[in-house]
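**Q** Got a structure for you, questions after.
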Amino acid sequence: MTSTIKVKNIQSDTVTQRGLPGFVFAENDVYQQEQDKVFAQGWASIGCAQQLKKPGDILPVSIAGASLIAVRNKNGEIGVFHNVCRHKAAPLVDAPCNKRTLVCPYHKWSFKLDGELMGAPRFYGRDNTPISAADKADKGLLPVRFAIWWDIIFVNVSGDAPPFDEFIKPLDDLLSCYPQQDIQMISATDYRGDVNWKLAVDNFLDGYHVPFVHSQACTVESVLEQEDLFLSDDIVGLRLANGASDKPAKTAKQLPHFAGLPAERQGTQQWFGIFPNTLFFVDPCWVQTIVVKPTGVTATDETLSVYVTSKDAASEEYAEEQQRLSEVLNEVNQQDIELLDKLQQTRTSKVADQGNLVAAWDQVNMSFHQMWLRKMQGE
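Residue numbers (the working numbering): 498 to 876.
Below, the structure written as structure tokens:
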């Protein structure tokens, strides 16, 4: 039986009870189908705008079977393009870099950072006349539809997803009291795991494991107060009303809060999965984003970025607090990566298909699994 047929045969009721079957975490054919049905057709994250600090910064990424580049041009504006020369489709960039122009290594066609073709050596053969404006006009880099939200760069490779503002509106409305425009990145850390990307997302949305795997983060008693959040067909999350205030201080002073937060959010922690691959955590004093980047059926890269609330909070005055925050969040993620590498080995077995999701804890995870199933079974 082919993977396509097996996916079509997955029953929604069974997923609610037991989760997705093990084969969807292990079969390459399923992974290849996901590139179109899950990643290309939706709004997938590829990185963060503040990773591109200076004009000329270029970040190559792969998503939905496509090679892309995010660039900051000379005017400081972000753009996203296919990382493909318009001559014979050679890749332009293979590592993060800073350049004034993009030059194809194959035939030296050159492009401005806004995608416009600059030059093509000997385009007319023996006639060494520079390529004309008319011939340049339709040979620029192919742009990719993108949006930036809370510094996260989202792309829609297929170009036909609903408008991003419509897609993100339920979460944007929920977080409207947080002044996102002031956040400052203080660290970005890359991870690599031998795990299917869905297990990484599922784990982030699993509040049940936190006091057991990350005892430094919270107690069982505090997690009992978590609230499930179902915002749309693509966005779910969890909330701890007193998650921040329950944690003991680790440094002499506290990082500044978001300005103007209402009293009921002064101690609240909330975290969300934005389907398919964006993980977002907001605290009164900081923000964490994780961009989950599948590189194979059992291989996943992640970039974990940590932000504080303002330029003041990012100043040297709070250097100790910034360092401590980054250390704690990366310690938690490293613990998860080590666990997930082991989980990949057992979650793909037939025995794992006899698992039992727990209504008291796994409702958000059930919802994520159903999101995946709807995308994959859709025509």
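Using N, Cα and C, we set each Cβ at its ideal position, and we do this for glycine too.
1) Across which residues does DSSP place Thr797 in a beta bridge pair?
2) From the DSSP output, read off the bridge partner residues of Leu556.
3) Which ranges does the alpha helix (DSSP H) cover as unbroken runs of at least 4 residues, wholly within the stretch 713-792, from first to last along the chain?
4) Helix, strand or coil: how does DSSP classify Tyr815 here?
5) By Cβ distance, which residues of its chain are closer than 8 angstroms to Asp871, with the 5 residues on each side in sequence left out?
6) Which of helix, strand or coil does DSSP assign to Ser509?
7) Out of Ser719, Gly734, Tyr804, state which residue places its alpha-carbon closest to the alpha-carbon of Leu726.
8) I need the boundaries of the alpha helix (DSSP H) containing Met873, first residue and last residue.
9) Can you look up Arg642 in the DSSP assignment and give me helix, strand or coil?
10) Considering only C-alpha positions, which residue in the set Met863, Ser500, Asp669 is nearest to Leu696?
11) On a CA-only basis, which of Ala561, Ala592, Asp611 is nearest Phe578? Give me that one, please.
12) Figure out for me which residue from Phe778, Asn774, Val803 has the closest Cα to the Cα of Pro791.
13) In whole angstroms, what separates the C-alpha of Arg844 from that of Phe520?
14) Alpha helix (DSSP H) containing Asn572: first to last residue?
15) Do Val710 and Leu836 have their C-beta atoms within less than 8 angstroms of each other?
16) Taking 8 angstroms as the threshold, find out whether the stretch 499-511 comes into contact with the stretch 820-836 through three or more Cβ pairs.
17) Count the other C-beta atoms from every protein chain shown that fall within 10 angstroms of the C-beta of Lys534, then say buried if there are 16 or more, exposed otherwise.
18) Please name the residue or residues paired with Asp624 in a DSSP beta bridge.
19) In the DSSP assignment, find the unbroken alpha helix (DSSP H) run with Asn653 in it and report its ends.
20) For Tyr705, write down the residues that DSSP places opposite it in a beta bridge.
21) The alpha helix (DSSP H) spanning Ile665 covers which residue range?
22) Bridge partners of Val805, per DSSP?
23) With distances taken Cα to Cα, identify the nearest neighbour of Lys585 among Phe777, Ala617, Pro557.
24) Decide if Ala857 is buried, meaning its Cβ has at least 16 other Cβ atoms within 10 Å, or exposed.
25) Is the beta carbon of Lys633 closer than 8 angstroms to that of Asn614?
26) Classify Ala541 as helix, strand or coil using the three-state DSSP reduction.
27) Output yes or no for whether 8 angstroms exceeds the beta carbon distance between Leu776 and Val698.
28) Would Asp691 pass as a contact of Gln832 if the rule is Cβ separation under 8 angstroms?
29) Can you tell me where the alpha helix (DSSP H) with Gln529 in it begins and where it stops?
30) DSSP three-state call for Leu549: helix, strand or coil?
31) Between which two residues does the beta strand (DSSP E) carrying Leu614 extend?
32) Quickly, what does DSSP pair Val600 with across the bridge? List them, please.
33) Any idea if Pro627 is buried or exposed, counting beta-carbon neighbours within 10 angstroms, 16 or more meaning buried?
34) When the Cα of Val784 is compared with those of Cys715, Trp646, Asn570, which residue comes out closest?
35) Rounded to whole angstroms, how far is the Cβ of Gly539 from the Cβ of Phe772, which I believe are closer than 8 angstroms?
**A** Reading it off the structure:
1) Gly690, Pro791
2) Ala567
3) 717-720
4) helix
5) Reading the sequence as shown, one finds Arg at residue 871 and not Asp. So the qualifying residues of the chain are Asp730.
6) helix
7) Of all alpha-carbon atoms in Ser719, Gly734, Tyr804, the one lying nearest the alpha-carbon of Leu726 is that of Gly734.
8) 860-874
9) strand
10) Met863
11) Asp611
12) Asn774
13) 9 angstroms
14) It is not in any alpha helix (DSSP H) - Asn572 carries neither H nor E in the DSSP assignment.
15) yes
16) no
17) buried
18) Tyr621
19) First-last for Asn653: 649-653, but that is the beta strand (DSSP E), not the alpha helix (DSSP H).
20) Paired residues: none, contrary to the question.
21) 661-671
22) Its beta-bridge partners are Gln681, Trp783.
23) For the residues Phe777, Ala617, Pro557, the minimum Cα distance to Lys585 belongs to Ala617.
24) exposed
25) The sequence given here has Leu at residue 614, not Asn. Yes; because the gap between Cβ atoms is below 8 angstroms, this pair is in contact.
26) strand
27) yes
28) no
29) 525-531
30) coil
31) 614-616
32) For Val600, which the question treats as bridged, DSSP gives the partners Ser607.
33) exposed
34) Considering only Cys715, Trp646, Asn570, the residue with the shortest C-alpha distance to Val784 is Trp646.
35) About 7 angstroms separates the two Cβ atoms, so the contact holds.
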